[in-house]
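Report on one structure; see the data block that follows.
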Amino acid sequence: MTGRTPCTGTTLGSIHEVRESLGSVGYIADERVAGVVYLADRLHKPVLVEGPAGTGKTQLAKSVAEMTGSRLIRLQCYEGLDEAKALYEWNYRKQLLRIQAEPSAPSWQELEADIFSEEFLLTRPLLEAIRSDEPTVLLVDEIDRVELETEALLLEVLSEYQVSIPELGTVRATRVPMVFLTSNNTRELSEALKRRCLYLHMDYPELELEREIVLRRVPGIKEELADQAARIVRSLRSLELRKPPSVAETLDWARTLVVLELDSIDAATVRGTLHVLLKYRQDIERAAKELLAADA
Amino acid sequence: MLELMSGFIGELRSAGLPVSLTEHLDAARAVHHVPLEDRDALKAALGATLVKSGAHWPAFETAFEVYFSPRVVDGDATADPEKSAHRAATPAVGGPAPMSAAELAAMLLQAIRQGDRALAAALARAAVDRYAGMEPGRPVGGTYYLYRTLRNLDLEGLLERLLDEARREKELTVFEERLLADEYRVRIAALRNAIEAEIRRLLVADRGAQALARSVRRSLPEDVDVMHASREELATLQRMLHPLSRKLAVRLGRKRRHRRRGPLDFRATVRRSLSTGGVPVEPRFRHPRPSKPEIFVIADVSGSVASFARFTLQLVYAISTQFSKVRSFVFVDGIDEVTHVFDYADDPSVAVRRITAEADVVWLDGHSDYGHALEEFDRRWGEEVTSRATVLVLGDARNNYHASGARVLEELRRRARHVYWLNPEPRQYWGSGDSIVDEYAAHCDRVVECRTLRQLERFVSDLA
């Protein structure tokens, strides 16, 4: 991989620097997150981010793109995603048109060379990211949604940063994109994929970190209120819930509290706004019972 | 450094982490890019390249603490502010005259109440110094020292005292008290970790990393033996079960939908070919609809195997959409149907907890009697087992020398599609003492050793 331009426009100096600049675009990262981002830049390796929903996995990729001034290319995965949607596709309608448009048929060699040229190639996110000349961050979102077989599509892109197109040859990246893959862990990813990536497990943040995130992302919130909110969310997470509140929901809740113009949170307030944090009826009942000692 | 890395990776492999050669190389390259004196950065670098699953992180952390433990040398200046603060506090605490037990307890109380981490860390050292009674070269594991220290500190009581104090100061609502208790709990857990780390550090200094690593090694959660798991391990397993069953359900659901062996769908193929000028470029297939099996789970819930039965039931119910019907029966020496408990519960884990309270499973003395339970099953529900049914029997087949009732199993096998037996005991114990699993095995399609979550998962996914 020598001789290639580094992933991003600006080279990241140190872990500390990464952390600072992520902070400056509004993403509060801990040492580990910053460390992995820094290594990904240095080692030219994709990062596989795994963890529960709503802990800022996708946001990390977006923030890194913003921080480095790169273009963000996003591939949203879903069941049934295939080569034609992820890598490239021949525009065969246009090819048919081209063949039919020429009344005096040219020689087959000529025609073949013509219809399998770049003009008839539809680039999809992965190829797009590889061919891009500007600094790029590629985000492959929710990779666990595709089937195991489709995962193999990514392997060449992720390890060699190239795409082989039989008719055109191999397209190599002139500038290695920075790649983030996110997974909600609904299934085990293949060993081959994991081996090629740096792994980052994102869990719910510690109290101090969450408080800082709330303070940063919710305009007009007082420090005391943010602290109290973070504490209550931590207690909620310690209950056995079907879906513990995510960071995104904490932020929603904090915004709600600001809108309600509250200075501090008491049991009644929590009871009234619990539905912002918890999305299952059983969870709300359980939280009300255990935390607030109130009957639902 | 390279040598240390190889040792470390060897240790990870013996703990069961699948570390490949590529990952080893990656780790070696990653280490070049981080300042070696920064322990957190080193940990991040090694963690990102070597650990590829969130569940493996604790095992990694333990090994890391052992191999890269901070060697505190007095007079050594480090840039780490926390460490220097902790050293500054040391002379006051662990000075020449060690403080009394009462003083230590009082200071601990204060440290936890104020959330003073530097003080707590220093106190952890003092506590280990005082209570662990560590002797160089003594071949006992770290858990022994930890137990001794914790017994003397009485952390549970500490929490109570703190809460009492808070209550005395002002009236607390349930809500406030809960928040306060959670805060203290976190601080106490941190203290416990500090004590553990301190013991580990002293042990490494005494015995060297490699010898120690073997004694503190933690097995991965999926490899923990369910029958002999500690309470803490069981809690971890319980937490893992939820994502595991979700994964299993997703995987099985996909497997079912994506088998492409259905017959050609002629209509759809022709219609599709219109967009390519009548050439059928993409043939279309009908979706196959494989039949779903009916499951009968018959589980022994007597003391020794109860937790295993609970895990299995929970897992089977979590993927119950994969079966056309699931019926469950639990027994000790009597047998009772518990299907309705699951039908009315939203969450299988809640239902499993209710089983013990609601099912009527004791007939005579509350010792497992497979013979009687099977005869009863045959008498009351035997008729309902048809050729679409798969019967799962869970238990260690330790029958307390009662009659085996193997006849019933033979009968069931003739009628049902499959009869499987899951045994949570290690294979080498089968047939020893009062275990008569071999007698039953003659009438089962398969007898499976199922001691860990990993084995259980594999069996259940084969089933659907």
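Residue numbers (my numbering), protein chains in the order written: chain S, 1 to 296; chain Z, 297 to 760. Even glycine gets a Cβ: it sits at the ideal position worked out from N, Cα and C.
Delimiting residues of the alpha helix (DSSP H) encompassing residue i
i      : result
S:M178 : That residue, S:M178, is in no alpha helix (DSSP H); its beta strand (DSSP E) goes M178 to S183.
Z:V756 : L749 to L759
Z:N489 : V470 to R503
Z:S310 : L298 to S310
Z:T261 : This structure gives no information on residue 261 of chain Z, because the portion of chain Z shown stretches from 297 to 760.
Z:R567 : F562 to S569
Z:F360 : W353 to Y363
Exposure of residue i, with buried meaning 16 or more beta-carbon neighbours within 10 Å
i      : result
Z:F562 : exposed
Z:V743 : buried
Z:A384 : Below a pLDDT of 50, predicted positions are generally treated as unreliable, and Z:A384, at 40, falls in that range; the measurement from the model is reported next regardless. That one is exposed.
Z:M297 : exposed
Z:P331 : exposed
Z:D370 : In this prediction, Z:D370 scores a pLDDT of 42, lower than 50, which makes its location untrustworthy; no coordinate-derived value is stated.
Z:R723 : exposed
S:W108 : exposed
S:G54  : buried
S:S235 : buried
Z:S683 : exposed
Z:E333 : exposed
S:H201 : buried
S:R19  : buried
S:S24  : exposed
Z:M403 : buried
Z:H352 : buried
Z:L454 : buried
Z:D758 : exposed
Z:H668 : buried
S:G9   : With a pLDDT of only 47 at S:G9, under the threshold of 50, the placement of this residue in the model should not be trusted, and no figure is reported.
Z:R421 : buried
Z:P387 : Confidence is the limiting factor: at Z:P387 the pLDDT is only 42, short of 50, which leaves the residue's position unreliable and the question unanswerable from this model.
S:R32  : buried
Z:Q410 : exposed
S:L168 : exposed
Proximal residues of chain S, C-beta to C-beta of residue i below 9 Å
i      : result
Z:R527 : Chain S residues near Z:R527: none, gap ~15 Å exceeds 9 Å.
Cross-chain neighbours of residue i in chain S, by beta carbon under 7 Å
i      : result
Z:P539 : N185
Z:R325 : L43
Z:D478 : R234, S235 and S238
Z:V546 : T186 and R187
Z:E475 : In the sequence as displayed, the identity of residue 475 of chain Z is Leu instead of Glu. Under the 7 Å cutoff, chain S gives R231, I232 and S235.
Identity of the residue in the options nearest residue i by Cα
i      : options                           : result
Z:R675 : Z:R694, Z:V704 and Z:A655         : Z:V704
Z:E633 : Z:R325, Z:E706, Z:L446 and Z:V593 : Z:V593
S:S132 : S:D114, S:T174 and S:R187         : S:T174
Z:R606 : Z:V648, Z:C746 and Z:V327         : Z:V648
Z:R542 : S:L39, S:R187 and S:S164          : S:R187
S:G272 : S:D263, S:A288 and S:R217         : S:A288
S:R93  : Z:Y697, Z:V575 and Z:V597         : Z:V575
S:A61  : S:V47, S:G13 and S:G51            : S:V47
S:R42  : Z:V347, Z:H328, Z:L346 and Z:L338 : Z:H328
S:R195 : Z:A351, Z:S316 and Z:T748         : Z:S316
S:Y280 : S:P245, S:L87, S:E290 and S:A268  : S:P245
Where residue i meets chain S, residues with beta-carbon distance less than 8 Å
i      : result
Z:A337 : I15, E31 and G35
Z:H329 : Y38, L39, R42 and L43
Z:F471 : D266, A267, V270, L291, L292 and A293
Z:A341 : G35 and L39
Z:K543 : N185, T186, R187 and E188
Start-to-end residues for the beta strand (DSSP E) that takes in residue i
i      : result
Z:F638 : Careful: Z:F638 lies outside any beta strand (DSSP E), inside the alpha helix (DSSP H) at T635 to Y640.
Z:F627 : K621 to F627
Z:V687 : A685 to L690
Under 7 Å by beta carbon: chain Z residues contacting residue i
i      : result
S:L198 : A344 and T345
S:E50  : G350
S:H201 : G350 and W353
S:K194 : K348
- Between the stretch 343-360 of chain Z and chain S, which residues of the former have CB atoms less than 8 Å from a CB of the latter, in chain order? G343, A344, T345, V347, K348, S349, G350 and W353
- Message: Output needed in chain order: residues of the stretch 124-136 of chain S with a Cβ under 7 Å from some Cβ in chain Z.
- Response: none
- chain S contacts made by the stretch 304-326 of chain Z, where a contact means CB separation under 8 Å: P314, S316, T318, E319, D322, R325 and A326
- Task: With 9 Å as the C-beta to C-beta threshold (strictly closer), list the residues of the stretch 567-598 of chain Z near chain S in chain order.
- Result: Within the stretch 567-598 of chain Z, the qualifying residues are S571, T572, G573 and V577.
- Check each residue of the stretch 96-119 of chain S: if its Cβ is closer than 8 Å to any Cβ of chain Z, include it; give the result in chain order. L96
- Query: Using Cβ-Cβ distances below 8 Å, what residues of the stretch 81-97 of chain S are close to chain Z?
  - Reply: Y92, R93 and L96
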